[in-house]
Amino acid sequence: MDTTRSEALFAAAQGVMPGGVSSPVRAFGSVGGTPRFMASARGPWITDADGNEYADLVGSWGPAILGHAHPAVVAAVQEAAALGLTFGAPTARETELALEVQRRVPAVERLRFVSTGTEATMTAIRLARGVTARPLVVKFAGCYHGHLDGLLAAAGSGVATLALPGSAGVTEAVAAETLVLPYNDLTAVEEAFATHGDRIAAVITEAAPANMGVVPPLPGFNRALHEVCSRHGALLVMDEVLTGFRAGPGGWWGLEGAEEGWEPDLLTFGKVVGGGLPVAAVGGRREVMEHLAPLGPVYQAGTLSGNPVATAAGLATLQHADAAVYARVSTVADAIATGLSDALGAAGVAHSIQRAGTLFSAAFVDPAEGPVTDYTRAQSQDVFRYAPLFHSLLEQGVHAPPSVFEAWFVSAAHDDAAVNRILEALPAAARAAAA
Ligand code: PLP
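In the working numbering, the protein residues as written are 20 to 454.
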């Protein structure tokens, strides 16, 4: 495979941007080699600067549920762009998109648009602190909520100890306002509340974590979090930036909370809600949300929030994400997850296929010890097996996520040709992982 252009472009990029990228995982740091510089994408296919075409399993990390450059989304964007790129004033489309979100997730009584998932979780945390007048936030190890200082925190020495900075540049004082607990561990949650209960503003959790590989919540875990929070006067923030409108029409909550009859206080959305352009949102209970400026004392704002072109992409995407789309995404996820497991099994590679609805990833652990349920186990896997698997796929024209700790994203545009390209590439890739 000729990668001359990507190599030259990477060298040029490194001369002007740290690591040559705008977001770290794109640099191929954990798999090595030259990141492919992409030039175009359509449906399930993505083409690099050298003209190599790949079946895409990244989907821009989630937004592309309809596939790349869906004609209806592109048309909506073109139409909106021709009318002006940004107004800094309200538009009818923001209300339309907010109503579409509310129709799918009735817990969203009020919604505020922002531009990134990070902004959404940051706003949710500030809101929770503003509403409860409490300082602490509980998060779970291995859950990612964006790069806000307070959530770039690492677990302290014990379950109920305050966290340490998880990145240079995060102060100890800020990290100490976060408690980092093991995922899926209700005892740890109870213990943290027993020690700090009257100071905890919120628990934030990925609705179904997919940033330590896919690690689904144990049955009843999210509902129990909701119950513990209610008991202690803290808010539950369900981060659906990744799962929202991907796991199903109502996101992960639609698969779980809707069935079980409970609602989080706040939800955050991103990725699919913007259809590939920068739209994200925080929503939830009216009395909580109305603490936001201009109605309430919690400040939040954004020059490009609710941008008319971006909301056009989001609205067109949600309008086309119907039952048939979710059914196709599910069928494709089943086919590839099964193919991956079969290939790894045939190559003798110990693994667990981690599934949360249509999200999946492979973890290189001993399946006899059960699936991965927390970050400690996710980190204990044979990480070294992923780079050869990844590079074998890439050479065969399959663009998988360049880290074992990411989910594999499929779309409704993954037709038989794309699925077959992936299924045919998996056996050799699994043999590479076995070596
Ligand atoms: N929350 C979750 C669950 C995510 O997966 C991400 C990004 O991957 C974020 C928040 C942050 O979103 P963004 O990258 O748009 O800031």
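The beta-carbon is built from N, C-alpha and C at its ideal position, and this holds for glycine as well. These figures come from a predicted structure and were not determined experimentally.
At a cut-off of 4 residues, the continuous stretches assigned as alpha helix (DSSP H) that sit fully inside the stretch 73-102 are 90-101. Summarising the contact set, residues whose Cβ lies nearer than 5 Å to any heavy atom of the ligand PLP are, in chain order, Thr135, Gly136, Thr137, His164, Gly165, Glu225, Asp258, Val260, Leu261, Gly289. A distance of 7 Å or more separates the beta carbons of Thr140 and His166. Excluding the 5 residues flanking it on each side, Ala221 has same chain C-beta neighbours closer than 6 Å at Ala147, Val156, Ala253, Leu254, Val256, in chain order.
Only buried fits Ser324, as 16 or more other CB atoms lie within 10 angstroms of its CB.
In chain order, Val96, Ala99, Ala100, Leu104, Leu296 place their CB closer than 7 Å to the CB of Val328, counting only its own chain and leaving out the 5 sequence neighbours on each side.
Taking a cut-off of 8 Å on C-beta distances, the stretch 364-383 touches the stretch 224-238, as three or more cross pairs fall below it. Going by C-alpha positions, Ala444 is about 9 Å away from Glu414. Judged by DSSP in its simplified three-state form, His310 adopts coil rather than helix or strand.
Rounded to the nearest angstrom, the gap between the Cα atoms of Ala454 and Tyr394 is 26 Å.
In the DSSP assignment, Ala381 falls within the beta strand (DSSP E) that extends over 378-382. Excluding sequence positions up to five before and after Arg242, its CB lies within less than 8 Å of the CB of Glu275, Gly276, Glu279, Trp281, all in the same chain and listed in chain order. Where Ala352 is concerned, the enclosing alpha helix (DSSP H) starts and stops at 342-365. Between the alpha carbons of Gly239 and Asn203 lies a gap of roughly 10 Å. In the three-state scheme derived from DSSP, where H, G and I count as helix and E and B as strand, Phe403 is classed as helix. DSSP links Glu259 through a beta bridge to Phe288. Straight through space, the alpha carbons of Leu363 and Ser349 are spaced by roughly 21 Å. By the CB criterion at 7 Å, Ala437 and Ala366 fall outside the cutoff. DSSP places Thr110 outside any beta strand (DSSP E), giving it a letter other than H or E.
Setting aside the 5 residues that flank it on each side, Arg347 is surrounded in the same chain by Ala431, each with a C-beta closer than 6 Å to its C-beta; the list follows chain order. Rounded to the nearest angstrom, the Cβ distance from Val260 to Ser134 is 12 Å, too far for a contact under 8 Å. The beta carbon of Phe409 sits closer than 7 Å to the beta carbons of Val50, Ala419, Pro421 from its chain, once the five residues preceding and following it are set aside; these are given in chain order. Between Lys290 and Pro54, the C-beta gap is not smaller than 7 Å, which leaves the two residues out of contact. The stretch 179-189 and the stretch 197-212 touch, with three or more beta-carbon pairs separated by less than 8 Å.
Of the residues assessed, Ser41 falls on the exposed side of the cut-off, its CB having fewer than 16 other CB atoms within 10 angstroms.
Take Pro386, set aside five residues on each side of it, and the residues of its chain with a beta-carbon closer than 6 Å to its own are Ser371, in chain order. For the pair Ala91 and Thr214, the Cα-to-Cα distance works out to about 52 Å.
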